Amino acid sequence: MSRIAGLRCRICAAEVPTGPSFVCARCFGPLEVAYDYGVIGAMLSREVIAARPAGIWRYLELLPVEAPPARGLAVGSTPLVAAERLGELLGIERLWLKNDSVNPTLSFKDRVVAVAVARAVEFGFDTLACASTGNLAGAVAAAAAAVGLPAYVFVPADIEPAKIRQALAFGARLVPVEGTYDQINRLSLEVADELGWAFVNVNLRPYYAEGSKSLAYEVAEQLGWRLPDAVVVPIASGSLFTKIARGFGELVDLGLVGAKPVRFIGGQPEGCAPVAAAYAGGGEEIRPVRSPDTLVKSLAIGDPADGRFAVRLARESGGSIESVSDAATVAALRAVAEREGIFTETAGGCTVAALAQARANGVIRPGEEVVAFLTGNGLKTPEAVASPEVEALFDGEGIAATARIPARFGAFEAWLAAASEDEAGASGQLPDLRDAAPVPS
Ligand SMILES: Cc1ncc(COP(=O)(O)O)c(C=O)c1O
Ligand SMILES: [Zn+2]
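Take the position in the sequence shown, starting the count at 1, then add 187; the result is the number in my numbering.
So, in structure tokens, the structure goes:
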């Protein structure tokens, strides 16, 4: 008996055999992978998992590939960090940061791509591709290099240069498109159909999306096989958000963790917040944002595929979906760096700002245990921490000659005195985050 039962429509529950399909022929709803949990339950235990090497394949039975791939990057088993200093700032005593910014290409997208690419290889595809808001491009490019397949990454022209350089370094073909992510997504559907390429997040989406569940499994295992009270997750398409819930649900159903309600809190940037708007409006209907306008480019999906499911999850779990200003995102990103030594990208800033808001508005209550997901690395979005003072340090050759000191102790002493004076003049380290989201006492 196979543990992978096939694909099932998320709207009408019609069943389809395992294959590279992604829409329901009956109702055009999205397909997802269906498993036989009876078979999985007989194979999987805490002990079986504990005996396996680090990485996402330690949860193989709950992922939609037949066998761990022979080739691929070392993805997953990222740190769960006890964030005491950040928690103190936010009024959250038991705060954990799932630091997924240390995956091979520095974002959680390595997880979804590892699963999609393993499946694409099993299906016999010869070309990999994706429609990306930035991070997916690097993840697909690197995974393609590791398995030895060509990759085409389609990106909006305004994504961060560091993400473009990273994808190019792996030898991917970059397809810069004049248009938004949503327009690129439609183009990708056509290319996938015409050329038969494996677009990891389009025609392989049911498999791709399952990779996000590995975050839920890791968090539960790292907490000693239990679930937190609340999670805070960034939302672009809404897939990560809903798949973490599915992952927790599976662990409960399999008896690997005790049943417990977990509140799901999502973060979206104000300049592209269709899911937060639907949540605030009380309905489930997503009104697409035609022209996203935010610093948080990785979350700039105006017409999110899983938007409805995300709204429902936030509401039914007693969570929320927070709309976050770019200023609050930057303040939060700085707070995480200065208080925890983790440099996260703008999506992580948005998540921690959503966490601060949810604590301030009472969705997160005193004493609760919370896990926030930092899904990308700050080196990918250095623009977020640019300031006139930082930029003034550089000229074309590196640090500007006028900013340097001679290699003499006396010169350093003078520099130290001036620096201390500057610091005394600055008013505290983190005023912005507290202003953006006052914590009730
Ligand atoms: C860093 C980062 N975090 C979170 C997300 C959200 O992913 P999803 O589309 O599954 O909501 C993305 C999507 O591109 C991302 O790049
Ligand atoms: Zn259907």
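Using N, Cα and C, we set each Cβ at its ideal position, and we do this for glycine too. These numbers come from a predicted model, not from an experiment.
Bridge partner(s) assigned by DSSP for residue i
i    : result
I586 : F581
Y394 : Note: Y394 sits in no beta bridge, so no partner.
A316 : Y339 and F386
Y222 : I191
P217 : V210
K187 : Because the chain here runs from 188 to 628, residue 187 falls outside it and cannot be looked at.
R552 : DSSP lists no partner for R552.
R360 : Y339
Check whether residue i and residue j have beta carbons under 8 Å apart
i    : j    : result
I473 : P456 : no
I243 : R306 : no
P207 : F341 : no
L284 : I529 : yes
V419 : I431 : no
P343 : G425 : no
A463 : E509 : yes
L276 : R526 : yes
A316 : S294 : no
K400 : G454 : no
Straight-line Cα distance separating residue j from residue i
i    : j    : result
Y404 : E608 : 49 Å
A407 : A604 : 49 Å
L402 : V302 : 13 Å
R272 : I452 : 21 Å
A423 : E610 : 38 Å
F596 : A606 : 15 Å
I191 : V220 : 7 Å
R521 : G536 : 8 Å
A540 : T568 : 17 Å
M188 : D223 : 9 Å
C196 : R495 : 15 Å
A632 : L580 : Residue coverage of the chain in this structure runs from 188 to 628, which leaves residue 632 outside it and unanswerable.
C199 : Y395 : 21 Å
A417 : G506 : 8 Å
G583 : A594 : 22 Å
I488 : L438 : 30 Å
V203 : S232 : 29 Å
P256 : R546 : 41 Å
V226 : R245 : 17 Å
A359 : E248 : 31 Å
V308 : T481 : 36 Å
G193 : A379 : 21 Å
A328 : N286 : 22 Å
G554 : R281 : 7 Å
G274 : E556 : 10 Å
L323 : L410 : 28 Å
Buried or exposed by the 16-neighbour rule on C-beta atoms within 10 Å, applied to residue i
i    : result
V577 : exposed
S478 : exposed
D369 : buried
G263 : buried
D493 : buried
V626 : Caution is warranted here: a pLDDT of 42 is assigned to V626, below 50, making its placement in the model unreliable, and the coordinate value is therefore given only provisionally. Exposed, since its Cβ has fewer than 16 Cβ neighbours within 10 Å.
N390 : buried
K447 : exposed
L427 : buried
V235 : exposed
S574 : exposed
N548 : exposed
L566 : exposed
P356 : At residue 356 the sequence reads Ala, which differs from the Pro that was named. Flag for A356 reads exposed.
F599 : exposed
V289 : exposed
Beta carbon proximity, residue i to chain C, threshold 8 Å
i    : result
P575 : Although the question refers to chain C, the structure presented lacks it and comprises just one protein chain.
Any non-hydrogen atom of ligand 3 closer than 7 Å to residue i Cβ
i    : result
A423 : The model on display carries ligand 1 and ligand 2 but not ligand 3.
Task: Ordered list of beta strand (DSSP E) runs contained in the segment 444-522, each at least 3 residues - done: Counting only runs of 3 or more, we get 450-456 and 507-511.
TODO: Within the segment 407-449, note down every full alpha helix (DSSP H) run reaching 4 residues or more, in order along the chain.
DONE: 426-440
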